[in-house]
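*Asks:* Counting from 785, one number per residue, gives the positions in the sequence shown under my numbering.
If you scroll down you'll find the structure; I have some questions about it.
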Amino acid sequence: MTLSRLVFAPFDPRRDGEIEMLFREYSHKDFQLQAMGISKASMVDFLKTTLLEPESQNIVLRDNGRLVGLISLQFLPWMSDHFGLRMYAVRHLLARSDSPLVHTRLLRVVIEELPEVDFLDCRVAVDDIYSAHALEVCAFRYVGTEIFLGQTLGNSIALRTPPGIDVCPCGNEDREPVLDIAADTHVHNRFVYDPNIHEKAAQSLYRKLVAHCFDAEPFKVLVARSGGGVEGFITFKMSRTFSRTVGMPCGSLDLIGVRPQTRSRGLGAALNRFALREMAQDGTKVVAVRTLASNYPALRTCFRTGFTVTSTSLHFHRWIQRPKITAQGMAPGSENNLKFTQTLADH
785 MTLSRLVFAP FDPRRDGEIE MLFREYSHKD FQLQAMGISK ASMVDFLKTT
835 LLEPESQNIV LRDNGRLVGL ISLQFLPWMS DHFGLRMYAV RHLLARSDSP
885 LVHTRLLRVV IEELPEVDFL DCRVAVDDIY SAHALEVCAF RYVGTEIFLG
935 QTLGNSIALR TPPGIDVCPC GNEDREPVLD IAADTHVHNR FVYDPNIHEK
985 AAQSLYRKLV AHCFDAEPFK VLVARSGGGV EGFITFKMSR TFSRTVGMPC
1035 GSLDLIGVRP QTRSRGLGAA LNRFALREMA QDGTKVVAVR TLASNYPALR
1085 TCFRTGFTVT STSLHFHRWI QRPKITAQGM APGSENNLKF TQTLADH
């Protein structure tokens, strides 16, 4: 493979049928699929549909006409609105290569040629060495390791709650206490570990994410109440589009929080079990959850409630400091301002 032969082009589903082979050849998540009972063919079918979603941008790389790489970006409207920048996730970074060359070229064309991109969020399998090397070459910042866990639900899930605690659906009167818990407890996340993001911006982001779950389908929210009020919460959902494609009802536990003074009493495990029982009653067969490897309390809770590790990923951020670009829709001095945005403004 030589650099002179590499040609970039927009993804065209009418002529890029080889894209399926790139997905099939990616082996770094095969154990996860086996553990969850999902066939590789079904997963490939689902991944192909993600290339056609609105707000996605897909670029392929060809070597003498042969498709050798794909990078797929997905716009992140919630994060973009919150931080006032145009933020994208690198959803797919795939290459037929015996070095990081193709991965690096794909990343660089996005960084150098797409002026609408201010930020890139990228997650790669921990053993996908070429992708990780390419991210380092392109000045991405490592912000954490994520552990993916899963389990197949049985017919009966034993429920146990600490004394004086009731678990029930979140009511309107519970919402503000839930948001306060979310802001105070979500300290293990990639935004907190990114020095470019102000601490208050990371806290307020999780308030917004949880608030979105209150009324949006298909999310559900449970709370743990005591005589003193709300002590914890959990959000979960059925992944309907994914379930239809793979032919199996799948769901996920998403966000959980417990007041610091109520921890070490088994409340997190109780919330997990209540959510799992409700999902089982709704017909869910497979449930996934992910958390940072440094979040030991969350991992302990997952293990106690039947989850096992299925895969591990490295998470990276890339801030693209473009001339004349500042945070959009954010007043100077706003608590959500990014540190590097303030630096740009000083110049």
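Don't be surprised by glycine CBs; every beta carbon is placed ideally from N, CA and C.
Bear in mind the structure is a predicted one, so any value in this text is a computation, not a measurement.
Going by C-alpha to C-alpha distance, which of L963, N980, T1046 sits closest to V927?
*Replies:* The residue given as residue 927 occupies position 143 in the sequence shown. If we check each option's Cα against that of V927, N980 comes out closest.
*Asks:* Between which residues of its own chain and G801 is the CB-CB distance below 6 angstroms, once the five residues before and five after are set aside?
*Replies:* Here residue 801 refers to the residue found at position 17 of the sequence shown. Contacts found: none.
*Asks:* Using 10 angstroms around the beta-carbon of K1004, count the other beta-carbons present and answer buried if the total reaches 16, otherwise exposed.
*Replies:* Within the sequence shown, residue 1004 is the residue found at index 220, counting from 1. When all chains shown are included, K1004 counts as buried.
*Asks:* Using the beta-carbon count (16 or more within 10 Å), is W1103 buried or exposed?
*Replies:* As a working note, residue 1103 is residue 319 in the sequence shown. So W1103 counts as buried.
*Asks:* Would you identify the three-state DSSP class for L1055, choosing helix, strand or coil?
*Replies:* Position 271 of the sequence shown, counted from the first residue, corresponds to residue 1055. The answer is helix: DSSP assigns L1055 an H, G or I state.
*Asks:* When the distance is taken between beta carbons, is L817 closer than 8 angstroms to M757?
*Replies:* The question about residue 757 has no answer here: the residues shown for the chain are numbered 785 through 1131.
*Asks:* In this structure, what does DSSP give as the bridge partners for T936?
*Replies:* Walking along the sequence shown from the start, residue 936 turns up at place 152. In DSSP, T936 forms a bridge with V1070.
*Asks:* Out of curiosity, what's the CA-to-CA distance linking E804 and N956?
*Replies:* Here residue 804 refers to the residue found at position 20 of the sequence shown. Here residue 956 refers to the residue found at position 172 of the sequence shown. Between E804 and N956, the C-alpha separation is close to 46 angstroms.
*Asks:* Taking just the CA atoms, how far does P794 sit from L845?
*Replies:* Walking along the sequence shown from the start, residue 845 turns up at place 61. Walking along the sequence shown from the start, residue 794 turns up at place 10. The straight-line gap from Cα to Cα measures roughly 9 angstroms.
*Asks:* Going by DSSP, which residues form a beta bridge with M1022?
*Replies:* Residue mapping note: residue 1022 aligns to position 238 of the sequence shown, counting from 1. According to DSSP, M1022 bridges with G1035.
*Asks:* One question on the structure: do L877 and H887 come within less than 8 angstroms of each other, judged by their Cβ atoms?
*Replies:* Within the sequence shown, numbered from 1, the residue matching residue 877 stands at position 93. Within the sequence shown, numbered from 1, the residue matching residue 887 stands at position 103. In this structure, H887 lies closer than 8 angstroms to L877 by Cβ.
*Asks:* Let me check one thing: in DSSP terms, what residues is R1009 bridge-paired to?
*Replies:* Taking the first residue of the sequence shown as position 1, residue 1009 is located at position 225. Answer by DSSP bridge pairing, in chain order: D950, V1014.
*Asks:* Tell me the residue span of the alpha helix (DSSP H) that contains I913.
*Replies:* For the purposes of this step, residue 913 is taken as residue 129 along the sequence shown, with counting starting at 1. From DSSP, the alpha helix (DSSP H) with I913 extends over 913 to 921.
*Asks:* Report yes if the CB atom of L1039 is closer than 8 angstroms to the CB atom of T1019, and no otherwise.
*Replies:* Your numbering for residue 1039 matches position 255 in the sequence shown. Your numbering for residue 1019 matches position 235 in the sequence shown. In this structure, T1019 lies closer than 8 angstroms to L1039 by Cβ.
*Asks:* In three-state terms, what does DSSP make of S1048?
*Replies:* For this step, residue 1048 is matched to residue 264 along the sequence shown. Here S1048 sits in coil by DSSP.
*Asks:* Rounded to whole angstroms, what's the CA-CA distance from F1087 to L790? Just pull it up for me.
*Replies:* Taking the first residue of the sequence shown as 1, we reach residue 1087 at position 303. Taking the first residue of the sequence shown as 1, we reach residue 790 at position 6. Each residue's Cα considered, the two are about 46 angstroms apart.
*Asks:* Could you check the C-alpha separation between I1047 and D999 for me, to the nearest Å?
*Replies:* Locating residue 1047 in the sequence shown gives position 263, counting from the first residue. Locating residue 999 in the sequence shown gives position 215, counting from the first residue. Correcting the residue type first, residue 1047 is Arg in the shown sequence and not Ile. Cα to Cα, R1047 sits roughly 27 angstroms from D999.
*Asks:* Taking C-beta to C-beta, are A967 and Q935 nearer than 8 angstroms?
*Replies:* Here residue 967 is taken as the residue at index 183 of the sequence shown, counted from 1. Here residue 935 is taken as the residue at index 151 of the sequence shown, counted from 1. No, they are not a contact pair.
*Asks:* Note the first and the last residue of the continuous beta strand (DSSP E) segment covering R907.
*Replies:* Counted from its first residue, the sequence shown places residue 907 at position 123. Here the beta strand (DSSP E) through R907 covers 903 to 909.
*Asks:* Rounded to whole angstroms, what is the Cα-Cα separation between Y769 and V901?
*Replies:* Look at the range of the chain in this structure, 785 to 1131, and you will see that residue 769 is not part of it.
*Asks:* Which stretch, first to last residue, makes up the beta strand (DSSP E) that contains R875?
*Replies:* If you number the sequence shown from 1, residue 875 lands on position 91. Counting along the chain, the beta strand (DSSP E) containing R875 begins and ends at 871 to 879.
*Asks:* Ignoring anything shorter than 3 residues, give me the beta strand (DSSP E) runs that lie fully in the region 967 to 1005, in order along the chain.
*Replies:* With a minimum length of 3 residues, no continuous beta strand (DSSP E) run stays inside the region 967 to 1005.
*Asks:* Taking only three categories from DSSP, how would you classify N752?
*Replies:* Limits of the chain in this structure are 785 at one end and 1131 at the other, which puts residue 752 out of reach.
*Asks:* Residue ranges of each alpha helix (DSSP H) run of no fewer than 4 residues wholly in the region 787 to 811, ordered along the chain?
*Replies:* DSSP runs (the alpha helix (DSSP H)) wholly in the region 787 to 811: 803 to 809.
*Asks:* Is V1073 near F1058, with beta carbons less than 8 angstroms apart?
*Replies:* In the sequence shown, the residue the question calls residue 1073 occupies position 289. In the sequence shown, the residue the question calls residue 1058 occupies position 274. In this structure, F1058 does not lie closer than 8 angstroms to V1073 by Cβ.
*Asks:* So the candidates are A985, G1041, V910; which of them puts its Cα closest to the Cα of W862?
*Replies:* Along the sequence shown, one-based indexing puts residue 862 at 78. If we check each option's Cα against that of W862, A985 comes out closest.
*Asks:* Who are the Cβ neighbours of R944 in its own chain at under 8 angstroms, not counting the five residues just before and after it?
*Replies:* For the purposes of this step, residue 944 is identified with residue 160 of the sequence shown, where counting begins at 1. So the list reads G1050, A1053, A1054, R1057, once near-sequence residues are dropped.
*Asks:* State buried or exposed for R907, treating a residue as buried only when at least 16 other CB atoms are found within 10 Å of its CB.
*Replies:* If you number the sequence shown from 1, residue 907 lands on position 123. With 16 or more Cβ atoms within 10 Å of its Cβ, R907 is classed as buried.
*Asks:* Terminal residues of the continuous alpha helix (DSSP H) containing T888?
*Replies:* If you number the sequence shown from 1, residue 888 lands on position 104. Element bounds for T888: 885 to 897.
*Asks:* Closest to P1033 by C-alpha separation, out of R808, M820, Q1045, F807, would be which residue?
*Replies:* By one-based count along the sequence shown, residue 1033 stands at place 249. Ranking the options by Cα distance to P1033, first place goes to M820.
*Asks:* Distance, Cα to Cα, L1037 vs F1017?
*Replies:* Here residue 1037 is taken as the residue at index 253 of the sequence shown, counted from 1. Here residue 1017 is taken as the residue at index 233 of the sequence shown, counted from 1. Taking the straight line joining both Cα atoms gives about 11 angstroms.
*Asks:* Assuming L943 is part of the alpha helix (DSSP H), what are its boundary residues?
*Replies:* Position 159 of the sequence shown holds residue 943. It is not in any alpha helix (DSSP H) - L943 carries neither H nor E in the DSSP assignment.
*Asks:* So who's on the other strand from D882, going by DSSP bridges?
*Replies:* As a position in the sequence shown, residue 882 is number 98, starting the count at 1. None, per the DSSP bridge assignment.
*Asks:* Here's a check: name, in chain order, each residue in its chain whose Cβ is nearer than 8 angstroms to the Cβ of R1024, leaving out the five neighbours to either side.
*Replies:* To locate residue 1024, count along the sequence shown from 1; it is residue 240. Taken in chain order, the residues that qualify are P1002.
*Asks:* Could you tell me if H996 is buried or exposed, where buried requires 16 or more neighbouring beta carbons within 10 angstroms of its beta carbon?
*Replies:* Position 212 of the sequence shown, counted from the start, is the residue given in the question as residue 996. H996 comes out exposed.
*Asks:* Quick check: what's the CA-CA separation for A1077 versus L1083?
*Replies:* As a working mapping, residue 1077 is identified with position 293 in the sequence shown. As a working mapping, residue 1083 is identified with position 299 in the sequence shown. Near 8 angstroms, if we compare the C-alpha coordinates of L1083 and A1077.
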